[in-house]
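*Asks:*
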Ligand SMILES: [Zn+2]
């Protein structure tokens, strides 16, 4: 079936290109039409069931940069497919910005200005943000008053198409349940990675480019544009605000009590009522919805690690594409305006959050839903019908759009801390774990290399039990542990191993990537798997003599061995189990199996502050 749609897509793509070329040629006499294939009036393109190809999108943004002094358009890095990832920059005199270093110094020289970063087409099959961003920026740039407000207070940076490889893999049909556009890109990138799971493990070049851009512009507000999967209901737009309990008491409260209610209210006043993302509890909205916990593998989970206000726009898949584009455009417009209106509050909240993080003695690293804690949420839904399926001859679900119900549904969006980690004064990572060290460095983590070999007493964690997935997920066999034993040991370190102070801006990133129990730690993403294997063993027939001698010469060992057999008769019943116990309690056992190779100082951060 896949080959089928790929072939059809190729033929239809050629037809589409023919139409596109004719359109540009026919409109070439008009200066507006020369801007792009979609004309100068954003409303015109909103009637089309089409979305730009990668090069058409790049052209549309480039042409805005060619026209306006305050618009820059640069390459920020490479994608896995070998083509660049771009950023559109709307900021005073942005046309002089030539590259990412230029953007970084431009932002540093105006650090008091807010920045809103918009990411589009991370899932290129959900491209409404691409069209919406073009339409939004055309409108802003055409309106002198609003344009000047942005130029006074807030930079806008837009990634036109983040998943370039996926965007180039254009087809008609891979979004099976989606209502248009006619052609669009594919979800996986050119390595078949879902880039919206890649922000911590950074398998893709795309993620490296994103992280570079993110730290260069340090956005205050971040929006990632998507299209839903799941239930049918009347709302055209839904929103994931980064989970407020996970965001913490400062940013979370501001999002929950100020920003989100104001945004929802303004969208409603614009005739576009929106609703939190409909993450179903059980099949249909009547059974309630659950706040999405976007852990750091997701874009907004990642941006929350750096105190950015993160949002995921999810336009409804069954609404016609032009309507999804319009709803997304309106959301971007209102988020831009609201962020301008709340500029001082946003700056203050982010400063308070920095203070909170800099004085925290411990930070949470894992959360879980409070099952007993739901609130009523006003919802308008389509009636759910049960009908006989002519295909399966069993009951199927159908939403009846003729019957709209209005009621309160349960909304679970309270998360409790499951684990937190006491922050050490510093972490130690041997240089051997260079893939982790590289990712920390890309995220601006400050590290110092040890000048000499040394032996230090440090806190060492042993992973007592863990589960690993039997099948790969996004290129990794993931681990999960809930069982860690911390001990103090003398640890041999070598010149060049890394000392990482916890007194730094990236502390939340460190806490949530280095605590092995965290949702998206590097342990979870299996970067430390080789620490989980015993390297030396023994042959029983040889060890029999060794074990006999050990028991003869070590009275304590002999007593403990007898105790062990009495206490755990079932476990110690087999001869192999007995020999193994003796081996593990002898000097022959290497002892470092399951020793987690990120060590912590004996001093805590709170005790040295
Ligand atoms: Zn998506």
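In this note's numbering, the protein residues as written are 19 to 627. From the three backbone atoms N, C-alpha and C, an ideal C-beta is built for every residue, glycine too. Quantities reported herein were computed from a predicted structural model and do not represent experimental measurements.
(1) Rounded to a whole number of angstroms, what is the C-alpha to C-alpha distance between residue 340 and residue 67?
(2) Enumerate in chain order the residues of its own chain whose CB-to-CB distance from residue 181 is below 6 Å, with the five nearest sequence positions on each side excluded.
(3) I need the DSSP call for residue 140, collapsed to helix, strand or coil.
(4) In three-state DSSP terms, what is residue 611?
(5) Comparing C-alpha positions only, which one of 447, 268 and 494 sits nearest to residue 618?
(6) Could you tell me the alpha carbon to alpha carbon distance between residue 615 and residue 526, rounded to whole angstroms?
(7) Quick check: is any heavy atom of ligand 1 less than 7 Å from the C-beta of residue 334?
(8) How about the segment 601-608 and the segment 465-472: do they share at least three Cβ pairs that are nearer than 8 Å?
(9) So if DSSP puts residue 385 in a beta bridge, which residue, or which two residues, is it bridged to?
(10) Beta-carbon separation of residue 395 and residue 427 under 8 Å?
(11) Identify, in the order they occur along the chain, each residue of the same chain with its Cβ nearer than 8 Å to the Cβ of residue 361, setting aside the five sequence neighbours on each side.
(12) Go ahead and pull the three-state DSSP assignment for residue 373.
(13) Give me the Cβ distance between residue 445 and residue 528, rounded to the nearest whole Å; I'm assuming they're in contact under 8 Å.
(14) Any C-beta of chain C sitting closer than 8 Å to the C-beta of residue 195?
(15) Beta-carbon separation of residue 342 and residue 290 under 8 Å?
(16) Name the DSSP beta bridge partners of residue 424, please?
(17) Count the other CB atoms, across all protein chains shown, that sit within 10 Å of the CB of residue 243; report buried if there are 16 or more and exposed otherwise.
(18) Grab me the residues of residue 215's own chain with a C-beta within less than 6 Å of its C-beta, minus the 5 sequence neighbours each way, in chain order.
(19) For residue 512, does the count of other Cβ atoms within 10 angstroms reach 16, so buried, or fall short, so exposed?
(20) List the whole-angstrom C-beta distance separating residue 92 from residue 78, where the pair is believed to meet the contact cut-off of C-beta under 8 Å.
(21) Just jot down, in chain order, the residues whose CB lies closer than 5 Å to any heavy atom of ligand 1.
(22) As an exercise, report each continuous beta strand (DSSP E) stretch of at least 3 residues that is fully enclosed by the segment 234-309, in chain order.
(23) Assuming residue 399 and residue 303 form a contact by the criterion Cβ under 8 Å, report the distance between their Cβ atoms to the nearest whole angstrom.
(24) Along the chain, where does the alpha helix (DSSP H) containing residue 601 start, and where does it finish?
(25) Beta-carbon separation of residue 496 and residue 543 under 8 Å?
(26) Can you give me the start and stop residues for the alpha helix (DSSP H) that residue 153 sits inside?
(27) What's the C-alpha gap between residue 392 and residue 261?
(28) Less than 8 Å between the C-beta atoms of residue 356 and residue 284, yes or no?
(29) Less than 6 Å between C-beta atoms, sequence neighbours within five positions excluded: which residues of the same chain meet that for residue 437?
(30) If you follow the alpha helix (DSSP H) that residue 578 is part of, which residue opens it and which one closes it?
(31) Could you check how far apart the C-beta atoms of residue 502 and residue 252 are, in whole angstroms? I think they sit under 8 Å.
(32) Does the segment 552-570 come into contact with the segment 480-487, if we say contact requires no fewer than three beta-carbon pairs (one atom in each stretch) closer than 8 Å?
*Replies:* Well, looking at it:
(1) Each residue's alpha carbon lies about 6 Å from the other.
(2) If you ignore the 5 residues before and after residue 181, its C-beta comes within less than 6 Å of the C-beta of 139, 140, 142, 207 and 213, all in its own chain and listed in chain order.
(3) If DSSP states are grouped into helix, strand and coil, residue 140 belongs with coil.
(4) In the three-state reduction of the DSSP assignment, residue 611 falls in the coil class.
(5) Nearest neighbour of residue 618 by Cα position, chosen from 447, 268 and 494, turns out to be 447.
(6) Distance between the alpha carbons of residue 615 and residue 526: 19 Å.
(7) Look at residue 334: its beta carbon is at least 7 Å from all of the heavy atoms in ligand 1.
(8) The segment 601-608 is not in contact with the segment 465-472.
(9) Looking at the DSSP assignment, residue 385 forms a beta bridge with 435.
(10) Against a cut-off of 8 Å, the Cβ pair of residue 427 and residue 395 comes out as a contact.
(11) Excluding positions up to five away in sequence, the list reads 132, 171 and 172.
(12) Look at residue 373 here: in three-state DSSP terms it is helix.
(13) Separation of the CB atoms of residue 445 and residue 528 is rounded to 7 Å, and the pair is thereby assigned contact status at 8 Å.
(14) As a matter of chain content, chain C is missing from the structure shown, which is built from one protein chain.
(15) Cβ distance not < 8 Å, so residue 342 and residue 290 don't count as in contact.
(16) DSSP lists 398 as the beta-bridge partner residues of residue 424.
(17) Residue 243 counts as buried, since at least 16 other C-beta atoms from the protein chains shown sit within 10 angstroms of its C-beta.
(18) For residue 215, where only same-chain residues beyond five positions count, the Cβ hits under 6 Å are 315 and 492.
(19) An exposed status is given to residue 512, since fewer than 16 other beta-carbon atoms sit within 10 Å of its beta-carbon.
(20) 16 Å between Cβ atoms; not a contact.
(21) My final list is 141, 144 and 244.
(22) The DSSP assignment places complete beta strand (DSSP E) segments of no fewer than 3 residues inside the segment 234-309 at 239-245 and 255-259, in order along the chain.
(23) Confirmed, Cβ separation roughly 5 Å.
(24) 593-602 is the extent of the alpha helix (DSSP H) around residue 601.
(25) One thing to note: residue 496 has its Cβ within 8 Å of the Cβ of residue 543.
(26) 146-160 is the extent of the alpha helix (DSSP H) around residue 153.
(27) About 14 Å.
(28) Taking 8 Å as the Cβ cut-off, residue 356 and residue 284 qualify as a contacting pair.
(29) These residues qualify, in order along the chain: 383, 384 and 535.
(30) Segment 573-585, the alpha helix (DSSP H) holding residue 578.
(31) For a cut-off of 8 Å, the C-beta gap from residue 502 to residue 252 is around 47 Å, too long to register as a contact.
(32) Contact between the segment 552-570 and the segment 480-487 is absent, with fewer than three C-beta pairs closer than 8 Å.
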